[in-house]
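In UniProt numbering, the protein residues as written are 1 to 330.
Structure first, then comments.
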Amino acid sequence: MPRSSHAHTPESDDDFNKVLDAMNQSSPITPSPPKRSHETMTQDDNETEDATNDNTANLHIIRPNQNISAVAKRYVERKRLRTDQAAEVDMFINDPVSAREVKMFVTMLALDNKLEKIVTAKAAYQVSPELNKNILNYAPAVLLSSKTTVYKGNGATDLLLAILKRYRFDMPPGIENIPADWAKISDIEASVKINKDDDNMAPPDKQQNIFDLTTAIVKGTKCTVNVVLCARVALMRSVYLKHPGVKFWDQVDERLVTIRAKADGDAKKVTKLFRQVLATDREKHGIENYKIEAETVDDFQQQVDDVIDAGIMNARSDFCSSRQQQRQQR
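Shown next, in the form of structure tokens:
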């Protein structure tokens with residue numbers, strides 16, 4: 001069939017429209033806008049609104065919340081920052097997140113550098129006169145405590161260290177974690193022993209009675225003379241007269257083991273045996289022209305005894321736990 005010269009298909013119109021659109025885009029002459037269907041106009045409006053919302057959201061991300069700025073300003077005033085520091089805060093608020101992270105990291109490194117300078121410039125630790133005085137006060141109380149069961153090695157020293165850790169005094173925080181500084185304290189404690197070569201522990205012809213001997217030992221400390229302390233000093237004197245040399249503390253420990261074994265661990269029996277040691281000393285040494293009025297320890301000595309008791313209980317608990325774990329592993 002012959003084709004009509006006026007006949008055309010929608011496809012040919014679409015192709016023609018595409019050509020026209022291309023020409024319009026390249027032409028400097030602004031064409032009149034083509035007619036749009038209602039559906040197309042609605043769709044375009046929605047896209048425009050979405051784009052506007054996106055731009056608005058982006059502006060909110062870039063521009064800091066005014067409430068945050070106000071809070072920051074009040075906080076800056078409260079901390080009394082300088083004007084230049086306040087300006088840095090404003091800049092920080094407006095910075096992107098990545099820039100803030102970089103600034104915080106750089107600031108942290110700068111602080112590390114300053115801390116290193118402070119630590120380097122810090123004077124070497126020295127035991128203060130106050131701490132030294134407390135060590136000298138507590139050392140005799142530990143050595144003469146009825147709760148002290150071991151003298152040889154670091155037994156008594158560890159008890160004294162436990163007291164210092166508990167009450168701190170003027171020790172810097174965490175000093176026990178700095179070996180060089182902690183050693184200075186430990187050295188003083190380790191050197192605090194009853195002076196066995198002193199006239200107070202002299203041969204029989206120069207011996208003092210037990211009251212005067214105990215008084216001389218605790219002189220200048222917070223300890224007071226009482227029956228319990230005198231009994232412990234009497235035990236030490238009886239050992240010293242037989243073993244005045246390097247084995248003195250070993251023999252004292254052995255004597256304590258013997259007393260506990262004889263008493264079968266009964267505290268009352270232990271006390272009774274120490275009273276017998278004291279009675280023997282009073283008969284053998286010096287003139288008995290005195291009276292030991294205090295039968296029990298004072299508050300200061302009781303404080304020391306309680307700390308030692310607590311340490312012994314903790315040690316026993318740790319030992320029992322360790323034994324139990326070993327049994328479970330088997």
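We put the beta carbon where it would ideally sit given N, CA and C, even for glycine.
Original post:
Pairing CB atoms from the segment 212-220 with CB atoms from the segment 135-150, are three or more of them under 8 angstroms?
Top reply: yes
Original post:
Does the beta-carbon of ARG232 have 16 or more other beta-carbons within 10 angstroms, so that it is buried, or is it exposed?
Top reply: Taking the sequence shown and counting its residues from 1, the one referred to as residue 232 is at position 232. It counts as buried.
Original post:
Buried or exposed: where does GLN66 fall if 16 or more other Cβ atoms within 10 Å of its Cβ makes it buried?
Top reply: In the sequence shown, counting from the first residue as 1, residue 66 sits at position 66. So GLN66 ends up on the exposed side.
Subject >> Closest Cα partner of residue 349 within the set ALA162, ASP281, ILE287, PHE169 >> reply: What is shown of the chain runs 1 to 330, which leaves residue 349 out entirely.
Original post:
Between the C-alpha atoms of VAL239 and LYS247, what's the straight-line distance to the nearest angstrom?
Top reply: The residue given as residue 239 occupies position 239 in the sequence shown. The residue given as residue 247 occupies position 247 in the sequence shown. Looking at the two C-alpha atoms, the distance is approximately 10 angstroms.
**OP:** Have a look at LYS73 and ALA86 and give me their C-alpha separation to the nearest angstrom.
**Re:** Residue numbering aside, residue 73 sits at position 73 when the sequence shown is read from its first letter. Residue numbering aside, residue 86 sits at position 86 when the sequence shown is read from its first letter. Cα to Cα, LYS73 sits roughly 8 angstroms from ALA86.
**OP:** Flag this pair as yes or no: are the beta carbons of residue 344 and PHE92 separated by less than 8 angstroms?
**Re:** The shown model of the chain, from 1 to 330, leaves out residue 344, and the question about it has no answer.
**OP:** Using a threshold of 8 angstroms, state whether the C-beta atoms of residue 332 and ILE210 are closer than that.
**Re:** Limits of the chain in this structure are 1 at one end and 330 at the other, which puts residue 332 out of reach.
Subject >> Coil, strand or helix - ILE292 by DSSP >> reply: As a position in the sequence shown, residue 292 is number 292, starting the count at 1. In the structure shown, ILE292 sits in coil (DSSP, three-state: anything other than H, G, I, E or B).
**OP:** Helix, strand or coil for GLN25, going by three-state DSSP, please let me know.
**Re:** If you number the sequence shown from 1, residue 25 lands on position 25. Legend: pLDDT at GLN25 = 46, less than 50; position of this residue unreliable, value from coordinates given subsequently. Note: GLN25 maps to helix in three-state DSSP.
Subject >> Helix, strand or coil at MET91 [DSSP, three-state] >> reply: Within the sequence shown, the letter at position 91 stands for residue 91. Looking at MET91 - three-state DSSP - the assignment turns out to be helix.
Original post:
Cα separation between GLY311 and LYS222?
Top reply: In the sequence shown, counting from the first residue as 1, residue 311 sits at position 311. In the sequence shown, counting from the first residue as 1, residue 222 sits at position 222. Approximately 22 angstroms between the Cα atoms of the pair.
Original post:
What is the residue span of the alpha helix (DSSP H) that GLN276 lies within?
Top reply: As a first step, residue 276 is located in the sequence shown; it is residue number 276 there, counting from the start. Run containing GLN276: 267-284, per the alpha helix (DSSP H) assignment.
**OP:** For THR148, collect the residues of the same chain with a Cβ closer than 7 angstroms to its Cβ; drop the 5 residues on either side in sequence, then sort them by chain order.
**Re:** Mapped onto the sequence shown, residue 148 falls at position 148. Excluding positions up to five away in sequence, the list reads VAL142, ALA156, LEU159, ILE308.
Subject >> Coarse secondary structure for ARG168, derived from DSSP in three states >> reply: For the purposes of this step, residue 168 is taken as residue 168 along the sequence shown, with counting starting at 1. ARG168: coil per DSSP, three-state reduction.
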